[in-house]
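Numbering (the numbering used here), first residue to last: 2 to 350.
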């Protein structure tokens with residue numbers, strides 16, 4: 002089968018590799034569409050230095066390199082460092098959709114069913130993916146697999162919104178209008194919220210306005226709190242969801258400034274965390290972290306062994322977030338296709 006990899010040498014490559022075999026507890030899927038989440042995947046490739054570069058940055062890794070040479074030989078170690086050996090390719094992708102080829106008995110999926118699948122290391126950019134059951138959801142009639150392949154990324158946006166717990170009619174700032182930020186705006190609008198988008202790029206701000214945001218602001222050096230106050234009759238936003246990715250703490254602190262007293266700020270993106278405590282304290286704001294697709298993520302008992310969390314105790318797991326997102330797509334309230342800017346084959350990767 003064809004699969005797209007990132008090589009330690011810094012290249013993106015398509016390779017012909019053996020297709021995965023059916024496994025207990027896994028759903029084997031013939032993939033029709035996989036989503037390139039540009040922010041996450043570009044960040045991953047930027048950080049995937051070769052071993053040589055990583056050793057130069059961290060000499061403590063030299064010991065591990067020597068241990069590798071002792072165990073596997075000098076040639077294998079040199080190939081790994083240069084990114085030319087067979088172990089120097091890394092699977093990429095984590096949000097896809099297609100048709101079931103094989104499913105465990107009694108799991109609810111049958112051969113030929115359409116499903117959305119997720120998870121780094123599972124929902125790869127490949128012709129076939131073998132995915133744990135808890136990272137699969139059915140695709141309803143009327144939803145294309147092109148839209149369904151957004152389900153995992155959509156679950157990230159969904160979990161951020163759930164952490165903010167917005168009410169109907171509340172004003173929510175979405176800071177960072179990349180892929181996850183745009184989906185966050187659409188989810189909030191579907192839930193009856195007033196959305197104010199924030200991003201330095203004009204085309205992203207325009208896209209948020211087209212989706213229904215009441216305003217789209219530039220962050221600016223001095224922030225955007227004054228503009229938010231003008232848009233909220235001097236009260237400030239009820240909540241802010243930070244979807245930006247930055248080593249700076251400015252996105253987080255600007256969100257704190259823009260919120261009203263007793264407001265909520267949710268960090269979805271990877272941002273600096275040097276918090277303006279005075280602002281946090283004076284307004285008694287709630288600062289929350291949103292973890293990926295939702296409860297169950299990074300728990301091998303849930304993801305790999307398939308043990309679900311009881312709905313009465315954990316209403317929204319990562320699988321239920323994926324399903325909820327797909328159902329909103331089915332109603333037409335969320336339009337993933339509006340965010341697609343480029344489509345291509347594996348050979349184009």
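The C-beta atom is built at its ideal place from N, Cα and C for all residues, glycine as well. Since we're looking at a predicted model, the values are computed, not measured.
- List the endpoints of the continuous beta strand (DSSP E) containing residue 119. 115 to 119
- Task: Give the DSSP bridge partners of residue 6, in chain order.
- Result: 14 and 92
- Query: Got a sec, what are the start and stop residues for the beta strand (DSSP E) residue 1 sits in?
  - Reply: Outside the displayed span of the chain (2 to 350) sits residue 1, for which this structure offers no information.
- Where the alpha helix (DSSP H) through residue 31 begins and ends: First-last for residue 31: 27 to 35, but that is the beta strand (DSSP E), not the alpha helix (DSSP H).
- CB of residue 129 within 7 Å of CB of residue 31, strictly: yes
- Task: Pick helix, strand or coil for residue 290, following the three-state DSSP scheme.
- Result: strand
- Looking at the unbroken beta strand (DSSP E) that takes in residue 260, where does it start and where does it end? 260 to 268
- Tell whether a beta-carbon distance below 7 Å holds between residue 243 and residue 214. no
- How long is the line joining the alpha carbons of residue 42 and residue 153, rounded to whole angstroms? 14 Å
- Do residue 136 and residue 113 have their CB atoms nearer than 7 Å? no
- Task: Check whether the Cβ of residue 162 lies closer than 7 Å to any Cβ atom in chain B.
- Result: As a matter of chain content, chain B is missing from the structure shown, which is built from one protein chain.
- Message: Whether or not the stretch 191 to 206 and the stretch 272 to 290 are in contact is what I'm after, with contact meaning three or more pairs of Cβ atoms, one per stretch, closer than 8 Å; do they touch?
- Response: no
- Item | Cross-strand partners of residue 210 (DSSP beta bridge) | In the DSSP output, where bridge partners are listed per residue, residue 210 has none listed.
- Classification of residue 125 by the beta-carbon crowding that lies within 10 angstroms, buried from 16 upward: buried
- Task: Return the residue from the list 159, 37, 19 and 93 that minimises the CA-CA distance to residue 294.
- Result: 159
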